Amino acid sequence: MNTKVISLVSIGAHPTSGRSRRAEQDARAVELGLQLAGDNLQVLHAGDPQEPALRAYLGMGLAQLDVLEQPPGADALGVLGDYLREAGAQLVLTGSQAETGEGSGMLPFLLAERLGWPLVVGLAEVESIHNGVALVLQALPRGQRRRLKVRLPLLATVDNAAPKPRQSAFGPARRGVLAARTVEIVEDELLEGAELQPAKPRPKRLKVIKAKSGADRMKAATAKASGGGGQVLKGVSPEAGAQAILKLLVEEGVLR
Amino acid sequence: MLNTLLPILLFAALGLAVLGAVRRLRMWRQGRPAAVDLLGGLLAMPRRYMVDLHHVVARDKYMANTHVATAGGFVLAAVLAILVHGFGLHNRILGYALLFATVLMFGGALFVFKRRLDPPSRLSKGPWMRLPKSLLVFAATFFIATLPVAGLLPEGFGGWLLAGLLGLGVLWGVSELFFGMTWGGPMKHAFAGALHLAWHRRAERFGGGRSTGLKALDLNDPQAPLGVEKPRDFTWNQLLGFDACVQCGKCEAACPAFAAGQPLNPKKLIQDMVVGLAGGTDARFAGSPYPGKPLGEHGGNLHQPIVNGLVDADTLWSCTTCRACVEECPMMIEHVDAIVDMRRHLTLEKGATPNKGAEVLDNLIATDNPGGFAPGGRMNWAADLNLDVLADKQSTDVLFWVGDGAFDMRNQRTLRAFVKVLNAAGVDFAVLGLEERDSGDVARRLGDEATFQQLAKRNIQMLSKYSFKRIVTCDPHSFHVLKNEYGAFGGEYPVQHHSSYIAELIAANRLNLGEHKGASVTYHDPCYLGRYNGEYEAPRQVLRALGIEVKEMQRSGLRSRCCGGGGGAPITDIPGKQRIPDMRMDDIRETGAELVAVGCPQCTAMLEGVVEPRPLIKDLAELVADVLLDAPLASKPLADTREPAEVH
Numbered sequence: 159m160n161t162k163v164i165s166l167v168s169i170g171a172h173p174t175s176g177r178s179r180r181a182e183q184d185a186r187a188v189e190l191g192l193q194l195a196g197d198n199l200q201v202l203h204a205g206d207p208q209e210p211a212l213r214a215y216l217g218m219g220l221a222q223l224d225v226l227e228q229p230p231g232a233d234a235l236g237v238l239g240d241y242l243r244e245a246g247a248q249l250v251l252t253g254s255q256a257e258t259g260e261g262s263g264m265l266p267f268l269l270a271e272r273l274g275w276p277l278v279v280g281l282a283e284v285e286s287i288h289n290g291v292a293l294v295l296q297a298l299p300r301g302q303r304r305r306l307k308v309r310l311p312l313l314a315t316v317d318n319a320a321p322k323p324r325q326s327a328f329g330p331a332r333r334g335v336l337a338a339r340t341v342e343i344v345e346d347e348l349l350e351g352a353e354l355q356p357a358k359p360r361p362k363r364l365k366v367i368k369a370k371s372g373a374d375r376m377k378a379a380t381a382k383a384s385g386g387g388g389q390v391l392k393g394v395s396p397e398a399g400a401q402a403i404l405k406l407l408v409e410e411g412v413l414r
Numbered sequence: 066m067l068n069t070l071l072p073i074l075l076f077a078a079l080g081l082a083v084l085g086a087v088r089r090l091r092m093w094r095q096g097r098p099a100a101v102d103l104l105g106g107l108l109a110m111p112r113r114y115m116v117d118l119h120h121v122v123a124r125d126k127y128m129a130n131t132h133v134a135t136a137g138g139f140v141l142a143a144v145l146a147i148l149v150h151g152f153g154l155h156n157r158i159l160g161y162a163l164l165f166a167t168v169l170m171f172g173g174a175l176f177v178f179k180r181r182l183d184p185p186s187r188l189s190k191g192p193w194m195r196l197p198k199s200l201l202v203f204a205a206t207f208f209i210a211t212l213p214v215a216g217l218l219p220e221g222f223g224g225w226l227l228a229g230l231l232g233l234g235v236l237w238g239v240s241e242l243f244f245g246m247t248w249g250g251p252m253k254h255a256f257a258g259a260l261h262l263a264w265h266r267r268a269e270r271f272g273g274g275r276s277t278g279l280k281a282l283d284l285n286d287p288q289a290p291l292g293v294e295k296p297r298d299f300t301w302n303q304l305l306g307f308d309a310c311v312q313c314g315k316c317e318a319a320c321p322a323f324a325a326g327q328p329l330n331p332k333k334l335i336q337d338m339v340v341g342l343a344g345g346t347d348a349r350f351a352g353s354p355y356p357g358k359p360l361g362e363h364g365g366n367l368h369q370p371i372v373n374g375l376v377d378a379d380t381l382w383s384c385t386t387c388r389a390c391v392e393e394c395p396m397m398i399e400h401v402d403a404i405v406d407m408r409r410h411l412t413l414e415k416g417a418t419p420n421k422g423a424e425v426l427d428n429l430i431a432t433d434n435p436g437g438f439a440p441g442g443r444m445n446w447a448a449d450l451n452l453d454v455l456a457d458k459q460s461t462d463v464l465f466w467v468g469d470g471a472f473d474m475r476n477q478r479t480l481r482a483f484v485k486v487l488n489a490a491g492v493d494f495a496v497l498g499l500e501e502r503d504s505g506d507v508a509r510r511l512g513d514e515a516t517f518q519q520l521a522k523r524n525i526q527m528l529s530k531y532s533f534k535r536i537v538t539c540d541p542h543s544f545h546v547l548k549n550e551y552g553a554f555g556g557e558y559p560v561q562h563h564s565s566y567i568a569e570l571i572a573a574n575r576l577n578l579g580e581h582k583g584a585s586v587t588y589h590d591p592c593y594l595g596r597y598n599g600e601y602e603a604p605r606q607v608l609r610a611l612g613i614e615v616k617e618m619q620r621s622g623l624r625s626r627c628c629g630g631g632g633g634a635p636i637t638d639i640p641g642k643q644r645i646p647d648m649r650m651d652d653i654r655e656t657g658a659e660l661v662a663v664g665c666p667q668c669t670a671m672l673e674g675v676v677e678p679r680p681l682i683k684d685l686a687e688l689v690a691d692v693l694l695d696a697p698l699a700s701k702p703l704a705d706t707r708e709p710a711e712v713h
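The listed protein sequences derive, respectively, from chains L and V.
Heads up, the first sequence stops at 414 in my numbering, and the numbers go up one at a time, no gaps.
Heads up, the second sequence stops at 713 in my numbering, and the numbers go up one at a time, no gaps.
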């Protein structure tokens, strides 16, 4: 396959010990990339090239990992965008959300916006790439899959629906090269001015079990989530559609 | 006529044997270099052969006597035959000596022959079925040919016919016994075996020593191979060791994985390595194949990767590293070392640790325990016990190494029982608390030498901060690693298993014990305590002190069968026809015991995983804690006896 595939990786943190490691979802992005492009896969990280956790990605069998050298807290968005454009990337894979740092999960969206590329969230499988069009499967809740036809270049995030990452081995991890490259350092003004505080667990809606029988419970557990009050707008003008969306957002209290 | 024919045959066979020996030596030397005392080893070899090796063989008296007669007779006969018939020293005394040697050899060979009439399945057939006949022919022909030398028959007796027959017999005999010895016949075991004993990779095993710790990989040298990929990546004396195999199948009979129908047979594995050494396929292997894997589909040579050519990966991952094969092997071949060497390549280079292997290794790297539990929870089991932590105390008599069983609710019962025993004996002890890490046992046996060394070095560095008189642990795996494998990284400690320590406390009269009541008891020897460290007696002493008469299993002590929990086998989980712990539970049931005493968290977990109804499983510490009497040992006499008051 001649499509240029780049996987973006970050430094992860183990959920119980907090020790740095390869990030679970990013490792899946590398795995998917390896399955698609094999040795031609390029893996990219923006941050500290001395970070030992990066070697865990090399241990998956990479000869090289490119690092855009940045101090912690710098904004990775601009340098990544410039690099990807220059490198002629056709398919960029990344995890949905970083395990360290801001971990906002916004990077793929902002990057796609900046590059003007389509973004597929929850990529599960790339079925084929022909004439600059990729046929991919997107993961939906409850194991459902949606087949999408997307024009390249394409940015896609992977989550736990993507294939499990292969084991990281010591030999290739030790041999692999962390190729650092100096880039312009952009301060992240938003992060500078922000105040960080530990996240509180999101409050959970109390679960009222209405099911009277085992069959009901089974149905509740397996049935498709039904939106209920949804409304399908067809054949309306853009203005009317926008008006309807705005009305809904106001009703739901998203906009005031 | 024979006087000209015999020397020609003898020297021709000897010459070819020397050629074969040179060729074989060159084959072995294609392996990697090894630090071996070449000359010292050769000098020590006769003693190793006749004492150390004989001790192993002598566990089977029939075979030991047979072998002494046959091999002793053959060596004597060969030397004398070369003198008498080769050099023509027709001396009457030599003649009688040669007659004696051939009779001895013939007698031995008869027993070899008898065993081959209905050979047990562990023995290899094929060319090995021919060997007793060759031995008999060799002994018989040289006997008859020597009769004239001893003056018992006139020269030229029997004429051309007998001379022809004897010539044929000698040809057969020397082909098998001289020529075949170095060109790959069954007698190869004598030649390769002798040199293997001379240049053994664990010379410490001779003279009653013990050497069970795995050898460290050099991780500082980026050029050094990480484990064994191709046969030539073995050290040359390992290759030599494989060649020494006599295919007796004692390893096969002892192997728990083979018995469970998992695709491993230690004998076949060693023979596959011989195929790797000499090149070819396993089609001519004449013993039991790996269960479920037909012969003839695997092959390779010195320069081809072993896995998926010569041997499948699941064969290597079936091993529980219980060392039963190594202890049984009369040639003292090191099967487990070879398996771990090959596993190292799979894990460190290929990243191909099967099933839960990768996850366990990741957990060890990220959380210092194989389960991936939050490291902060390591002391939760002792939340209410007020244990001294060494970081606060700095020095202690006994350092209680808790092990990863701290995270396992079943094992926590054992740990708490042992703390109760320690407190009852008034021992000054402390734990490491959150500073303790996994010992690295399972990482090392899964082939992840890098993670093992990292854990080991960190533990050693941490231990060096404190002073303690000894380490005591309830886990034989930690015990083995701390005792035998940390030394290579500068960590030398006096380490004891809790059974030895409790036995010591009992002997010093520091525990006030009652009697064990009720259930009859058998004892299961953990591999890493017994075969790895030779501790068979202390646990039995402890049980005796509780008033228990142990109902021994047939497979106990040195011959104890693994529970299936060692070497990461529960993690790699290679399917077989049955489970190893189920087989072990059958051994236990056979004794009729209602309770099995264990001394290892792995054994506890594996045996408790057998479906009920089955005997109860209790750790030694629990059994001791159960019968502790509250009253202090040196109890004061009761308050002074009063005069009975008179009542009116």
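By construction, the Cβ of each residue, glycine as well, lies at the ideal position given by its N, Cα and C atoms.
Computed from a predicted structure; not experimentally measured.
- Task: Check V:GLN561 in the structure and name its three-state DSSP category.
- Result: As a first step, residue 561 of chain V must be located in the second sequence, where it is residue number 496. V:GLN561 carries a strand assignment under DSSP once its states are collapsed to helix, strand and coil.
- Query: Is there contact between the segment 264 to 274 of chain V and the segment 591 to 598 of chain V, where contact requires at least three CB pairs shorter than 8 angstroms?
  - Reply: no
- Using the beta-carbon of each residue, which ones in chain L are nearer than 7 angstroms to V:ALA521? What you label residue 521 of chain V is simply residue 456 of the second sequence in a count that begins at 1. Simply none; closest approach about 15 angstroms.
- Task: Starting from V:PRO440, find everything on chain L with Cβ-Cβ shorter than 8 angstroms and list it in chain order.
- Result: Here residue 440 of chain V is taken as the residue at index 375 of the second sequence, counted from 1. Simply THR174 and SER175.
- Which value, in whole angstroms, describes the spacing of the CA atoms of V:LYS642 and V:THR386? The sequence position of residue 642 of chain V within the second sequence is 577, counting from 1. The sequence position of residue 386 of chain V within the second sequence is 321, counting from 1. Cα to Cα, V:LYS642 sits roughly 19 angstroms from V:THR386.
- Message: On the criterion of 16 or more Cβ atoms from any shown chain inside 10 Å, does L:GLN401 qualify as buried, or is it exposed?
- Response: Counting from 1 along the first sequence, the entry for residue 401 of chain L is found at position 243. L:GLN401 is exposed by the Cβ-count criterion.
- Item | Under 7 angstroms from the C-beta of V:GLY437: neighbouring residues of chain L | In the second sequence, residue 437 of chain V corresponds to position 372, counting from 1. Within 7 angstroms Cβ-Cβ: THR174.
- Which chain L residues are close to V:GLU414, counting only those with a beta carbon under 9 angstroms from its beta carbon? In the second sequence, counting from the first residue as 1, residue 414 of chain V sits at position 349. Ordered by position in chain L, the residues that pass the 9 angstroms Cβ test against V:GLU414 are ALA327, PHE328, GLY329 and PRO330.
- Indicate whether at least one CB of chain V lies closer than 8 angstroms to the CB of L:GLY217. Here residue 217 of chain L is taken as the residue at index 59 of the first sequence, counted from 1. Answer yes: the Cβ-Cβ gap between L:GLY217 and chain V drops below 8 angstroms somewhere.
- Query: DSSP three-state call for V:VAL202: helix, strand or coil?
  - Reply: Residue 202 of chain V sits at position 137 when you count from the first residue of the second sequence. Residue state, collapsed to three classes: helix.
- Is DSSP giving V:GLY593 helix, strand or coil here? Within the second sequence, numbered from 1, the residue matching residue 593 of chain V stands at position 528. According to the sequence provided, residue 593 of chain V is Tyr. The question's Gly does not apply to it. DSSP places V:TYR593 in the coil class of the three-state scheme, outside both helix and strand.
- Query: According to the neighbour-count rule (16 or more other Cβ atoms, all chains shown, within 10 Å of its Cβ), is L:VAL335 buried or exposed?
  - Reply: In the first sequence, the residue the question calls residue 335 of chain L occupies position 177. With fewer than 16 Cβ atoms within 10 Å of its Cβ, L:VAL335 is classed as exposed.
- Item | Listed by chain order, chain V residues near L:ARG324 by CB distance under 7 angstroms | Working through the first sequence from its first residue, we reach residue 324 of chain L at position 166. By Cβ distance, chain V contributes GLY416.
- Query: Applying the criterion that 16 or more other CB atoms from any shown protein chain within 10 Å of the CB defines a buried residue, is L:ALA379 buried or exposed?
  - Reply: In the first sequence, the residue the question calls residue 379 of chain L occupies position 221. By the C-beta density criterion, L:ALA379 is exposed, having fewer than 16 other C-beta atoms within 10 angstroms.
- Item | Assigned secondary structure, V:ASP131 (DSSP; H/G/I helix, E/B strand, else coil) | As a first step, residue 131 of chain V is located in the second sequence; it is residue number 66 there, counting from the start. Contrary to the premise, residue 131 of chain V reads as Thr rather than Asp in this sequence. Correct three-state label for V:THR131: helix.
- Return no unless some Cβ of chain L is closer than 8 angstroms to the Cβ of V:ALA423. As a first step, residue 423 of chain V is located in the second sequence; it is residue number 358 there, counting from the start. So, interface residue.
- Examine chain A for any beta-carbon lying closer than 8 angstroms to the beta-carbon of V:PRO251, and answer yes or no. Here the protein chains are L and V, and chain A is not one of them.
- Query: Using a beta-carbon distance below 8 angstroms, is L:ARG186 in contact with chain V?
  - Reply: Locating residue 186 of chain L in the first sequence gives position 28, where the first residue counts as 1. Chain V, which has no Cβ nearer than 8 angstroms to the Cβ of L:ARG186, makes this no.
- Message: Which complete alpha helix (DSSP H) runs does the segment 88 to 155 of chain V hold, if anything under 4 residues is left out?
- Response: Segments of the alpha helix (DSSP H) lying fully in the segment 88 to 155 of chain V: 103 to 112, 118 to 122 and 126 to 146.
- Mind pulling the chain V residues with CB within less than 9 angstroms of L:ARG179? Position 21 of the first sequence, counting from 1, holds the residue named residue 179 of chain L. Those within 9 angstroms of L:ARG179 in chain V are ASP427, ILE430 and ALA431.
- Going by DSSP, what residues sit across from V:ILE536 in a beta bridge? Stepping through the second sequence from its first residue, residue 536 of chain V is reached at position 471. BP columns for V:ILE536 point to V:LEU464 and V:VAL560.
- Based on the DSSP secondary-structure assignment, which residues constitute the bridge partners of L:GLU283? Locating residue 283 of chain L in the first sequence gives position 125, where the first residue counts as 1. Looking at the DSSP assignment, L:GLU283 forms a beta bridge with L:LEU295.
- Item | Listed by chain order, chain L residues near V:ALA378 by CB distance under 9 angstroms | Counting from 1 along the second sequence, the entry for residue 378 of chain V is found at position 313. Simply none; closest approach about 13 angstroms.
- Message: What does DSSP give as the partner residue(s) for L:ASP224 in the beta ladder?
- Response: In the first sequence, residue 224 of chain L corresponds to position 66, counting from 1. Its beta-bridge partners are L:LEU202 and L:ALA337.
- Message: Tell me which residue opens and which closes the beta strand (DSSP E) that L:LYS307 is part of.
- Response: The residue given as residue 307 of chain L occupies position 149 in the first sequence. Its beta strand (DSSP E) spans residues 303 to 309.
- is_contact[V:PRO287, chain L] using C-beta, thresh 8 angstroms: Sequence index remark: in the second sequence, residue 287 of chain V carries index 222 (1-based). Answer yes: the Cβ-Cβ gap between V:PRO287 and chain L drops below 8 angstroms somewhere.
- Task: Please report how far the alpha carbon of V:SER504 lies from the alpha carbon of V:PHE517, in whole angstroms.
- Result: Against the second sequence, residue 504 of chain V aligns to sequence position 439. Against the second sequence, residue 517 of chain V aligns to sequence position 452. V:SER504 and V:PHE517 have their C-alpha atoms some 8 angstroms from each other.
- Query: Any idea if V:LYS530 is buried or exposed, counting beta-carbon neighbours within 10 angstroms, 16 or more meaning buried?
  - Reply: The residue you call residue 530 of chain V lines up with position 465 of the second sequence. A residue is called buried when at least 16 other Cβ atoms come within 10 angstroms of its Cβ; V:LYS530 does not meet this threshold and is exposed.
- Query: When you compare only the Cα positions, how much space is there between V:MET92 and V:GLY238?
  - Reply: Position 27 of the second sequence, counted from the start, is the residue given in the question as residue 92 of chain V. Position 173 of the second sequence, counted from the start, is the residue given in the question as residue 238 of chain V. Taking the straight line from one Cα to the other gives about 26 angstroms.
- Cutoff 8 angstroms: V:LEU291 Cβ touching any chain L Cβ: Start at 1 with the first residue of the second sequence, and residue 291 of chain V comes out as number 226. It does; some Cβ of chain L falls within 8 angstroms.
- Query: Got a sec? Which residues, its chain only, sit under 6 angstroms from L:PRO207 by beta carbon, not counting five neighbours each side?
  - Reply: In the first sequence, the residue the question calls residue 207 of chain L occupies position 49. Excluding the 5 residues flanking it on each side, L:PRO207 has same chain C-beta neighbours closer than 6 angstroms at VAL225, GLU227, LEU336 and ALA338, in chain order.
- Message: Taking 6 angstroms as the limit between beta carbons, can you name the residues of its chain near V:GLY234, skipping five residues before and five after?
- Response: Locating residue 234 of chain V in the second sequence gives position 169, counting from the first residue. Around V:GLY234: VAL202 and THR206.
- Under the three-state DSSP convention, the category V:PHE494 falls into: Position 429 of the second sequence, counting from 1, holds the residue named residue 494 of chain V. Strand.
- Residues of the segment 503 to 516 of chain V with Cβ closer than 9 angstroms to any Cβ of chain L, in chain order: ASP513, GLU514, ALA515 and THR516
- Cα-Cα separation, V:GLY436 to V:ASP402: Within the second sequence, residue 436 of chain V is the residue found at index 371, counting from 1. Within the second sequence, residue 402 of chain V is the residue found at index 337, counting from 1. When rounded, the distance between both Cα atoms is 26 angstroms.
- Task: Would you check if the distance between the CB atom of L:VAL316 and the CB atom of L:ARG186 is smaller than 8 angstroms?
- Result: Here residue 316 of chain L corresponds to residue number 158 of the first sequence, with the count starting at 1. Here residue 186 of chain L corresponds to residue number 28 of the first sequence, with the count starting at 1. The answer is yes: Cβ separation under 8 angstroms.
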